[in-house]
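> Structure provided below as structure tokens; questions to follow.
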Amino acid sequence: MSVEIRVPALPESVADAVIAGWHKQAGDAVTQDETLVDLETDKVILEVPAVSNGVIEKIFFSVGDTVTADQVLAVIDDTASKAGQDAPASIDVEQAQASTVVALAGDDEQAELGRSQEIAISPSARKLMAEHHISDSAVQGSGRDGRVLKEDVLAYLKKQDQKQASEKVESPPAVRRGRVTEQPVLDLGGAGERIERRVPMTRLRARIAERLLDAQRNAAILTTFNEVNMKPVMDLRARFKEPFEKEYGVKLGFMSFFVKASVEALKKFPAVNASIDGNDIVYHGFYDIGIAVSGPGGLVVPILRNAEDMTLAQIEHAIIGFAAKARENSLAIEDITGGTFTISNGGVFGSMLSTPILNPPQSAILGMHTIVERPMVVDGEITPLPVMYLALSYDHRIIDGREAVQFLVTIKDMLEEPSRMLLGI
Amino acid sequence: MSKKKYDVVVIGAGPGGYVAAIRCAQLGMSVACVDEWLNHQGKPSLGGTCLNVGCIPSKALLETSHLYALAGHDFADHGINIKGLKADIDAMMARKDKVVFELTQGIDGLFKTNKIKLIHGHARLAPGKIVNVSDRGSCDVREELQAEYIIVAAGSSPVRLERAPITDGYVFDSAGALEFDSVPKTLGVIGAGAIGLELGSVWSRLGSEVVLLEAMDSFLPAADKQISRAAFRSFQQQGLDIRLNARLLSTAVKQRKVHVTYEDTRGAQQVKFDRLIVAVGRKPNSDLLFGDEMQIEIDEREYIHVNDYCETSVPGIYAIGDIVRGPMLAHKASEEGVMVAERIAGQKSRVNYDVIPSVIYTHPEVAWVGATEQACNAAGIPVKTGVFPLAASGRARAMGDTDGLVKIVAHEQTDRILGFHVYASQASEIIAQAVIAMEMGASAEDLALTVFAHPTLSESVHEAALSVHKRAIHIKN
Chain D
1 MSVEIRVPAL PESVADAVIA GWHKQAGDAV TQDETLVDLE TDKVILEVPA VSNGVIEKIF
61 FSVGDTVTAD QVLAVIDDTA SKAGQDAPAS IDVEQAQAST VVALAGDDEQ AELGRSQEIA
121 ISPSARKLMA EHHISDSAVQ GSGRDGRVLK EDVLAYLKKQ DQKQASEKVE SPPAVRRGRV
181 TEQPVLDLGG AGERIERRVP MTRLRARIAE RLLDAQRNAA ILTTFNEVNM KPVMDLRARF
241 KEPFEKEYGV KLGFMSFFVK ASVEALKKFP AVNASIDGND IVYHGFYDIG IAVSGPGGLV
301 VPILRNAEDM TLAQIEHAII GFAAKARENS LAIEDITGGT FTISNGGVFG SMLSTPILNP
361 PQSAILGMHT IVERPMVVDG EITPLPVMYL ALSYDHRIID GREAVQFLVT IKDMLEEPSR
421 MLLGI
Chain S
426 MSKKKYDVVV IGAGPGGYVA AIRCAQLGMS VACVDEWLNH QGKPSLGGTC LNVGCIPSKA
486 LLETSHLYAL AGHDFADHGI NIKGLKADID AMMARKDKVV FELTQGIDGL FKTNKIKLIH
546 GHARLAPGKI VNVSDRGSCD VREELQAEYI IVAAGSSPVR LERAPITDGY VFDSAGALEF
606 DSVPKTLGVI GAGAIGLELG SVWSRLGSEV VLLEAMDSFL PAADKQISRA AFRSFQQQGL
666 DIRLNARLLS TAVKQRKVHV TYEDTRGAQQ VKFDRLIVAV GRKPNSDLLF GDEMQIEIDE
726 REYIHVNDYC ETSVPGIYAI GDIVRGPMLA HKASEEGVMV AERIAGQKSR VNYDVIPSVI
786 YTHPEVAWVG ATEQACNAAG IPVKTGVFPL AASGRARAMG DTDGLVKIVA HEQTDRILGF
846 HVYASQASEI IAQAVIAMEM GASAEDLALT VFAHPTLSES VHEAALSVHK RAIHIKN
């Protein structure tokens, strides 16, 4: 029976998606929930899984095509009960071992196959497969015990080249090894060469660029600065580092303090937690704090929902989870939509001071920076203290200068005297 | 006479027979093994040619003579100064005999452990899978054995030349050459194959002037040409006078010397030796084992004819080792013994004849497995090769053993290793790596991607593999 694989429902603000890459080809065997194709949207990469076991009959779109919600991407034939019985190209492990003629073990009788399911792959074969992005189960091994040999991979590649050459009518007869889409290699020539390389922006980056420009054009953005003595927080961390980690299984970082301080400050200055929608100001009764993280595709801002209800430990846990997902490009749309206030930590990259840009439709963003030991004056004496510069960029259309400054001072006070966060003053 | 029944009767307790017998016993069969070997003291001794007058004693003497040569020629280089270096031949022989004795005793012990019935005597097959045992040379049947299966592993004997008959004290076969009581001043060897080279090496190191007379026009034709050429040069430098195209015409023992007349490209030559060794090959011991009524097929070179599973033309009767086709090597015989035992037990065992290594235990040793470059060229198989000279090996230099090279022959397109050739110290050990790699279907690149310990001679394998791809590190490519 033919099973359709469709583009999943896209979130409201996302109109369409682009095929970023196929994990499987027509004729390949697939198992349920195995990722078939990556779709790139404005915000995030969506993985579309197979909805059943079977063999891919046909694929309707290629890499780079634009698709909309609910369009049929591919069709799976799920009648084959064991994946791969009719698949010409991709053969699963059991098939490979069953059909391999192990020249030495058996004669006219069936070769004994009590072996484990792991395919042995010789080092040179493995290297070739990695270089050509061939999955382990794609090549049938002809070596002893079904071992995949270099010559097996070479034969496979030759077959692929022949297939590609025959599929592309206009392509020249000369056979090209490797994938159709090339990986960009950052080799801009040696000294003295003036080479330019033109690469179209990925969809994600283009969208980020657009939104940043929007923010700058439409909001009246100003930045106010202050500095905070981080010693009290650092002392607190030092004192309770171990018991905290023991109790919650997560390290006590700075971000949780900043989130907490921000939430308390936001409670006092509701305009900072508000957003503009047309001609209205929307005041939010919840505090969804976005934490800006750097992912491989660019900047993404996953949201801590209802941060006012979260404990320091829960905040730390959530942030670690976001970072991991960002690295793997696996943040979901709902992770990054919304938010009422954002915290951006440029300090991890070494930034001393900066003017963060707003994350629309939010009206303010807090920038954290590196902590530097500076000579400060305390009670008339010069003392070295660990100091961090804070920056608050805000939309002057709804936040007054005085509010912005006092908001930032509140954060500073909370951090310099952490018990204020407990007391709420 | 009552017949004793056994599941398997093995004829011969050499490396083929004793291994087959032990494997059969391991698989739960009742086994009897009939062996007729008597050592030079007239006592029964297990292990066949290999243990008694072949592999083992020759390796013992090669080791001894090698140490003597090192002491005499190489120690000074190391700053070890020796005065009054002497070779005590009696002690050498005694040591050799001890090694042989201990090993043959070992087989005795293994037979007892595996409950294998050992019967000393000469075996002759009779129809109905009967094995009659008598004393050698006698027709009186001492014992009758009834077998379900028979494994003939009676081995081979040195080829005898009419023109150079074995003469006590003057003309010897390989067995006799291991028993000299003194070092002959001059020694002739008919045949420059593995056995001739090894025996020639032993006595040359101990002081003999050795001349090898080889009838063929090429040296070690079964080996890769690059290897045989390098080995030839080395052996000449070591003092082995190897004469090719030398066809034996006649010998005569006169005035306490062996006079040899041979013909080479220039005509008839005369040469005298104190002693002469005949090492022109071995022939299967298929006579005296059975008569025509057994209907066991023999081929024109007197080997028992068998298929890939060592089955003879008679169901239930197998033959293995030197008495059948294939390289006359102990390890080949042993693995055939295992195959047959397992097949009798119902398993689907096979011997991979493509990956059986050959070794010559000279110094440096010569070892190879698989195809030579010249054989591939002749068969039209496109190949590429990689060579690494031991002179570029750090370990070889530290050992003072830089004579030699490692060569890999790989398929031009698939990179599969088709042949592996070593001429180097410890080649016999190094070759095992190649055998394993080839059994696993390795490509030259696989070896290039494998980590070898440093500093070792084995690293040369790695470098030779790199050399196949023109990227050896320690030599110019």
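Each protein sequence line maps, in turn, to chains D and S.
The opening residue of the first sequence carries number 1 in our numbering; numbering runs sequentially from there.
The opening residue of the second sequence carries number 426 in our numbering; numbering runs sequentially from there.
Ideal Cβ placement from N, Cα and C applies to all residues, glycine included.
Under a three-way DSSP split, which group does S:H684 fall into?
Along the second sequence, one-based indexing puts residue 684 of chain S at 259. The answer is strand: DSSP assigns S:H684 an E or B state.
> Could you name the residues of the same chain whose beta carbon sits closer than 8 Å to that of S:A849, not counting the 5 residues immediately before and after it, in chain order?
Against the second sequence, residue 849 of chain S aligns to sequence position 424. Counting only Cβ-Cβ distances below 8 Å, and skipping sequence neighbours, we find P789, E790, L815, A821, D826, D828, G829, L830, V831, I855, L882, S885.
> Just mark D:Q362 as buried or exposed, buried being the case when its beta carbon has 16 or more other beta carbons within 10 Å.
The count along the first sequence starts at 1 and reaches residue 362 of chain D at position 362. Buried, by the Cβ-count rule.
> Have a look at S:Y728 and S:D649 and give me their C-alpha separation to the nearest angstrom.
For the purposes of this step, residue 728 of chain S is taken as residue 303 along the second sequence, with counting starting at 1. For the purposes of this step, residue 649 of chain S is taken as residue 224 along the second sequence, with counting starting at 1. Linking S:Y728 to S:D649 through their CA atoms gives a straight-line distance of about 27 Å.
> Could you confirm whether any beta carbon from chain D is found closer than 8 Å to the beta carbon of S:L476?
The sequence position of residue 476 of chain S within the second sequence is 51, counting from 1. S:L476 does not count as touching chain D.
> For the region 855-887 of chain S, which residues have a beta carbon sitting closer than 7 Å to at least one beta carbon of chain D?
Here the close residues are E864, M865, G866, A867, S868, E870, D871, L874, T875.
> Strictly below 7 Å CB to CB, what residues from chain S border D:G143?
By 1-based counting over the first sequence, the position of residue 143 of chain D is 143. Residues of chain S with a Cβ closer than 7 Å to the Cβ of D:G143 are, in chain order, M865, G866.
> Counting along the chain, where does the alpha helix (DSSP H) carrying D:Y389 start and finish?
Position 389 of the first sequence, counting from 1, holds the residue named residue 389 of chain D. Counting along the chain, D:Y389 falls outside any alpha helix (DSSP H), though it belongs to the beta strand (DSSP E) covering 381-395.
> To the nearest whole angstrom, what separates the beta carbons of D:I399 and D:A271, a pair I think is in contact under 8 Å?
Position 399 of the first sequence, counted from the start, is the residue given in the question as residue 399 of chain D. Position 271 of the first sequence, counted from the start, is the residue given in the question as residue 271 of chain D. Their Cβ separation, rounded to whole angstroms, is 5 Å, which keeps D:I399 and D:A271 in contact under 8 Å.
> Looking at the unbroken beta strand (DSSP E) that takes in D:I365, where does it start and where does it end?
Looking up residue 365 of chain D in the first sequence gives position 365. Unbroken beta strand (DSSP E) run through D:I365: 364-368.
> Check whether the region 203-220 of chain D touches the region 40-51 of chain D, counting contact only when three or more Cβ pairs, one atom from each stretch, lie closer than 8 Å.
yes
> Cβ of D:P418 less than 8 Å from any chain S Cβ?
Here residue 418 of chain D corresponds to residue number 418 of the first sequence, with the count starting at 1. No - not a single Cβ of chain S is within 8 Å of the one on D:P418.
> Does chain D have any CB closer than 8 Å to the CB of S:A840?
Taking the second sequence and counting its residues from 1, the one referred to as residue 840 of chain S is at position 415. Residue identity differs from the one stated: residue 840 of chain S is Asp in this sequence, not Ala. Yes, its Cβ sits closer than 8 Å to a Cβ of chain D.
> Run through the region 199-279 of chain D for me and flag every whole beta strand (DSSP E) of 3 or more residues, listed as ranges in chain order.
221-229, 274-277
> Return the CA-CA distance between S:Q662 and S:L528, expressed in angstroms with no decimal places.
Residue mapping note: residue 662 of chain S aligns to position 237 of the second sequence, counting from 1. Residue mapping note: residue 528 of chain S aligns to position 103 of the second sequence, counting from 1. When rounded, the distance between both Cα atoms is 35 Å.
> If you run the structure through DSSP and keep just helix, strand and coil, what is D:Q406?
Here residue 406 of chain D corresponds to residue number 406 of the first sequence, with the count starting at 1. Three-state DSSP puts D:Q406 in a helix.
> Any idea if S:Y778 is buried or exposed, counting beta-carbon neighbours within 10 angstroms, 16 or more meaning buried?
Against the second sequence, residue 778 of chain S aligns to sequence position 353. Looking at its Cβ environment, which holds fewer than 16 other Cβ atoms inside 10 Å, S:Y778 is exposed.
> How far does the beta strand (DSSP E) with D:N345 in it reach, from first residue to last?
Within the first sequence, numbered from 1, the residue matching residue 345 of chain D stands at position 345. Where D:N345 is concerned, the enclosing beta strand (DSSP E) stretches over 341-345.
> When the cut-off is 8 Å and only beta carbons count, does D:K127 lie next to chain S?
As a first step, residue 127 of chain D is located in the first sequence; it is residue number 127 there, counting from the start. Yes, D:K127 lies at the interface with chain S (some Cβ there is under 8 Å from its Cβ).
> Check each candidate in S:A647, S:L476, S:C449 and name the one with the smallest Cα separation from S:A755.
If you number the second sequence from 1, residue 755 of chain S lands on position 330. Per the Cα distances, S:L476.
> Just checking: is the beta-carbon of D:P361 within a distance shorter than 8 Å of some beta-carbon in chain S?
For the purposes of this step, residue 361 of chain D is taken as the residue at position 361 of the first sequence. No, D:P361 lies away from the interface with chain S (no Cβ there is under 8 Å from its Cβ).
> If you draw a straight line from the alpha carbon of S:S455 to that of S:E798, how long is it in whole angstroms?
By one-based count along the second sequence, residue 455 of chain S stands at place 30. By one-based count along the second sequence, residue 798 of chain S stands at place 373. Each residue's alpha carbon lies about 47 Å from the other.
> Give me the Cβ distance between S:W793 and S:H879, rounded to the nearest whole Å; I'm assuming they're in contact under 8 Å.
In the second sequence, residue 793 of chain S corresponds to position 368, counting from 1. In the second sequence, residue 879 of chain S corresponds to position 454, counting from 1. Not really, about 25 Å apart at Cβ, beyond 8 Å.
> Could you name the residues of chain S that D:K159 contacts, counting a contact when the two beta carbons are closer than 7 Å?
One-based indexing of the first sequence puts residue 159 of chain D at position 159. What D:K159 touches in chain S: nothing, since even the nearest Cβ is about 14 Å away.
> Just checking my contact of S:M753 with S:G795 at CB under 8 Å: how many whole Å lie between their CB atoms?
Along the second sequence, read from residue 1 onward, the residue named residue 753 of chain S stands at position 328. Along the second sequence, read from residue 1 onward, the residue named residue 795 of chain S stands at position 370. About 18 Å separates the two Cβ atoms, so there is no contact after all.
> Give the interface partners of D:L385 over in chain S, defined as CB-CB distance under 8 Å, in chain order.
One-based indexing of the first sequence puts residue 385 of chain D at position 385. Result: empty, since nearest Cβ-Cβ is about 53 Å, beyond 8 Å.
> What residues are listed by DSSP as bridge partners for S:P789?
One-based indexing of the second sequence puts residue 789 of chain S at position 364. In the DSSP output, where bridge partners are listed per residue, S:P789 has none listed.
> Below 6 Å CB to CB, which residues in the same chain sit around S:V434 once its five sequence neighbours on both sides are set aside?
The residue labelled residue 434 of chain S in the question sits at position 9 within the second sequence. So the qualifying residues of the chain are A457, V556, L570, A572, I575.
> Count the other CB atoms within 10 Å of the CB of D:T410; is the residue buried (16 or more) or exposed (fewer)?
Within the first sequence, residue 410 of chain D is the residue found at index 410, counting from 1. Buried: at least 16 other Cβ atoms inside 10 Å.
> Using the beta-carbon count (16 or more within 10 Å), is S:T538 buried or exposed?
The residue labelled residue 538 of chain S in the question sits at position 113 within the second sequence. S:T538 is exposed by the Cβ-count criterion.
> Any beta carbon from chain D within less than 8 Å of S:A890's own beta carbon?
Along the second sequence, read from residue 1 onward, the residue named residue 890 of chain S stands at position 465. No, S:A890 lies away from the interface with chain D (no Cβ there is under 8 Å from its Cβ).
> Have a look at S:G616 and S:L701 and give me their C-alpha separation to the nearest angstrom.
Translated into the one-based positions of the second sequence, residue 616 of chain S becomes position 191. Translated into the one-based positions of the second sequence, residue 701 of chain S becomes position 276. Going by the C-alpha atoms only, they are around 11 Å apart.
> In this structure, how does DSSP classify D:G21 when only helix, strand and coil are distinguished?
To locate residue 21 of chain D, count along the first sequence from 1; it is residue 21. D:G21 falls in the strand class under three-state DSSP.
> Taking the C-alpha atoms as reference points, what is the distance between S:N902 and S:H887?
On the second sequence, position 477 is the one that residue 902 of chain S refers to. On the second sequence, position 462 is the one that residue 887 of chain S refers to. Taking the CA atoms as reference points, S:N902 sits about 14 Å from S:H887.
> Measuring CB atoms only, is the region 631-651 of chain S touching the region 662-676 of chain S, in the sense that at least three cross pairs come out at less than 8 Å?
Taking one beta carbon from each stretch, the region 631-651 of chain S and the region 662-676 of chain S have 3 or more pairs nearer than 8 Å; the two touch.
> Is there at least one Cβ from chain S nearer than 8 Å to D:E123's Cβ?
As a working note, residue 123 of chain D is residue 123 in the first sequence. Reading off the sequence shown, one finds Pro at residue 123 of chain D, where the question assumed Glu. Yes, D:P123 lies at the interface with chain S (some Cβ there is under 8 Å from its Cβ).
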